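Asker: Quick one: the structure is below, and I'll ask about it shortly.
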C-alpha cells in the first residue's frame, strides 16, 4: 500500500479518536509514528487539537514529549501541542498536557508566537482561560499582528476586547491583566512616505537628493530620489515615491498589484547631483522614470513585470549617448527589495531595464518571459544600465 493513503487514514483516525485504528496502523507501519501533516503538525499536535487524551497518552508512551515542536519550515518557531489544544478549545487535552509538564506559555523563541492564553481567549472558552491562568500563564504575554504602521500588539485583554467576551475580560482584569503597551502609537501618525523612505534606505542606500514636481502630470505627485553608490552597491539609483499613493486600475486587478514604485539603476560614473542630472545629456532617465510613473493614472492601466514601454513608434534612442529605445518593467529578484508593506497595503518596487530595439522585437515574437529569461542568463547585473552591454536580440 502506498504511503499517502496510509498517512491520510492515520490522521483521519486521530481526528475521530479511533484509538485501535491508530495503534494498528503504527504497528503495521512503524514509520507512521513519526508522520507529520504537510504543514508540520505531529501526531501529538493533532491529538491535542481534537481533544483525545487516550491518544496523547499512547503517543507519550511511544516517546513523544509533551512539548514536542511543530516541524514546519521555520524550525525556530515553537508551536507546541498545548497551543493546538488551546486553539481547538480542547479543555481535557490542555489539562492533561499541563499535568504532564507542558509549558503553560508555549515556549519562547526569537519568533513571535501566539501564547496559549491568547488562543484560549480567542475561542471564548472561559474554563480553559482559567485553567491556563491557574497553571501560571503569563497574563500579559503578547504577539504582534500586521505590518508597518498598522501593526497591533495583541494580548489576552486585547483579544477579549476585540471579541467582545465581557465575562473573560472581567476575569482577566480581576487576575491583574492589563491592556498591552503600544510601542507603535507615535509611528502610526507618520505619513506613509516616511515608511517608504525607510524601506528605500534600508534596501538600497541613503537618499542624497530629491527631484520633486512643481505641477504633477496626473493625480499622482511623483518624487524621484537620487541614491549615490555605496561600498556594497556600485550604481546610482533613481527611485520614485508618490506613485503608490494612488491605486492603479482599481477594481481591475488584485490588491497585490495596485500599488507600485519604480527604480532605474545607472552606472557609478553617472552624476549624482540634482543640477547635473537635469542637464540635457543626463536627464533622460529622470524624465522617463517620472513619465512611466504617471502612465497608469493617465491611461487607467497598471505596471507589472514584462510590460515594455517604447520611446515612440518606431522607437528612437533615448539620447545620443545610448542606443536603448525602450524600457522593460522587471521585478527585482531580491524579494526584500521588491516588496514593502508600510501597512496592509502591499507596494511593489520594479526596475526599469533599458532595451535595444532588437530585444523589444524578440519579446514581440517570442514573449516577454523568453526575453527576460535570456537577459537574466546573459547579462550580469542586469538591473544596472550599461550603454555597452550585449544586445541579446541579435
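Numbering (our numbering), first residue to last: 22 to 415. For every residue, glycine included, the Cβ atom is placed at its ideal position computed from N, Cα and C. Since this is a predicted model, take the numbers as computed values, not measurements.
List the residues that DSSP assigns as beta-bridge partners of residue 230.
Answerer: 247.
Asker: What distance in whole Å lies between the Cβ atoms of residue 238 and residue 267, which are believed to be in contact at a cut-off of 8 Å?
Answerer: Their Cβ separation, rounded to whole angstroms, is 13 Å, which puts residue 267 and residue 238 out of contact at 8 Å.
Asker: Does DSSP put residue 241 in a helix, a strand or coil?
Answerer: Note: residue 241 maps to coil in three-state DSSP.
Asker: Excluding the 5 residues flanking residue 263 on each side, which residues of the same chain have their C-beta closer than 7 Å to its C-beta?
Answerer: 241, 242, 243, 244.
Asker: Between which residues of its own chain and residue 110 is the CB-CB distance below 7 Å, once the five residues before and five after are set aside?
Answerer: Excluding sequence neighbours, residue 110 sits near 144, 146, 149.
Asker: With respect to the beta strand (DSSP E) encompassing residue 225, which residues constitute its N-terminal and C-terminal limits?
Answerer: That residue, residue 225, is in no beta strand (DSSP E); it is neither H nor E in DSSP.
Asker: With DSSP as the reference, label residue 334 as helix, strand or coil.
Answerer: If DSSP states are grouped into helix, strand and coil, residue 334 belongs with coil.
Asker: Tell me, please, which residues DSSP counts as bridged to residue 284.
Answerer: Answer by DSSP bridge pairing, in chain order: 260, 372.
Asker: Pairing CB atoms from the segment 398 to 413 with CB atoms from the segment 319 to 335, are three or more of them under 8 Å?
Answerer: Contact between the segment 398 to 413 and the segment 319 to 335 is absent, because fewer than three Cβ pairs lie under 8 Å.
Asker: Count the other C-beta atoms from every protein chain shown that fall within 10 angstroms of the C-beta of residue 220, then say buried if there are 16 or more, exposed otherwise.
Answerer: With 16 or more other Cβ atoms within 10 Å, it is buried.
Asker: At which residues does the alpha helix (DSSP H) containing residue 187 begin and terminate?
Answerer: Where residue 187 is concerned, the enclosing alpha helix (DSSP H) stretches over 187 to 195.
Asker: Is it buried or exposed, residue 380, if we count other Cβ atoms within 10 angstroms and call 16 or more buried?
Answerer: The residue is buried, with at least 16 neighbouring Cβ atoms inside 10 Å.
Asker: May I have the straight-line CA-CA distance separating residue 256 from residue 361, to the nearest angstrom?
Answerer: Looking at the two C-alpha atoms, the distance is approximately 21 Å.
Asker: Using DSSP with H/G/I as helix, E/B as strand and the rest coil, what is residue 176?
Answerer: Three-state DSSP puts residue 176 in a strand.
Asker: Should residue 399 be labelled buried (16 or more other beta-carbon atoms within 10 Å of its own) or exposed?
Answerer: It counts as exposed.
Asker: Taking only the alpha-carbon atoms, compute the straight-line gap between residue 299 and residue 138 and give it to the nearest angstrom.
Answerer: If I take the Cα positions, the gap works out to 59 Å.
Asker: Have a look at the DSSP bridge pairing and note the partners of residue 166.
Answerer: Partner(s): 173.
Asker: Is the distance from the Cβ of residue 80 to the Cβ of residue 61 below 8 Å?
Answerer: Not in contact: residue 80 and residue 61 (Cβ atoms no closer than 8 Å).
Asker: Excluding five sequence neighbours on each side, which residues of the same chain lie with their C-beta closer than 6 Å to the C-beta of residue 65?
Answerer: Around residue 65: 80, 85, 89, 102.
Asker: Grouping DSSP H, G and I as helix and E and B as strand, with all else coil, what is residue 154?
Answerer: Residue state, collapsed to three classes: helix.
Asker: DSSP three-state label for residue 43, please.
Answerer: Three-state result, residue 43: helix.
Asker: What does the Cβ neighbour count give for residue 37, buried or exposed, with the cut at 16 atoms within 10 Å?
Answerer: Exposed, because fewer than 16 other Cβ atoms sit within 10 Å of the Cβ of residue 37.
Asker: Does the separation of the CB atoms of residue 330 and residue 307 fall below 8 Å?
Answerer: In this structure, residue 307 does not lie closer than 8 Å to residue 330 by Cβ.
Asker: In the DSSP assignment, find the alpha helix (DSSP H) that holds residue 350 and state where it starts and stops.
Answerer: Taken as a continuous stretch (DSSP letters only), residue 350 belongs to no alpha helix (DSSP H), being part of the beta strand (DSSP E) at 347 to 351.
Asker: Kindly give me the distance between the Cβ atoms of residue 345 and residue 338, rounded to whole angstroms, as I take these residues to be in contact under 8 Å.
Answerer: Right, the Cβ-Cβ distance comes to about 7 Å (below 8 Å), so this counts as a contact.
Asker: What's the gap between the Cα of residue 350 and the Cα of residue 327?
Answerer: Taking the straight line from one Cα to the other gives about 6 Å.
Asker: Can you look up residue 340 in the DSSP assignment and give me helix, strand or coil?
Answerer: If DSSP states are grouped into helix, strand and coil, residue 340 belongs with the strands.
Asker: Excluding the five sequence neighbours on either side, which residues of its own chain have a C-beta within less than 8 Å of the C-beta of residue 151, listed in chain order?
Answerer: For residue 151, where only same-chain residues beyond five positions count, the Cβ hits under 8 Å are 192.
Asker: Once DSSP output is grouped into helix, strand and coil, what is the label at residue 274?
Answerer: Here residue 274 sits in coil by DSSP.
Asker: Alpha carbon to alpha carbon, how far is residue 105 from residue 195?
Answerer: Going by the C-alpha atoms only, they are around 26 Å apart.
Asker: Rounded C-beta distance between residue 280 and residue 369? I'm assuming under 8 Å.
Answerer: Yes, residue 280 and residue 369 are in contact; Cβ-Cβ is about 7 Å, under 8 Å.
Asker: DSSP state of residue 66, grouped into three classes?
Answerer: Helix at residue 66.
Asker: What is the residue span of the alpha helix (DSSP H) that residue 139 lies within?
Answerer: First-last of the alpha helix (DSSP H) with residue 139: 137 to 143.
Asker: For residue 116, which residues from the same chain have a beta carbon less than 8 Å from its beta carbon, with the 5 sequence-adjacent residues on both sides left out?
Answerer: Within the same chain, residue 116 has close Cβ partners 152.
Asker: Residue 405 by DSSP, collapsed to three states: which one?
Answerer: Note: residue 405 maps to strand in three-state DSSP.
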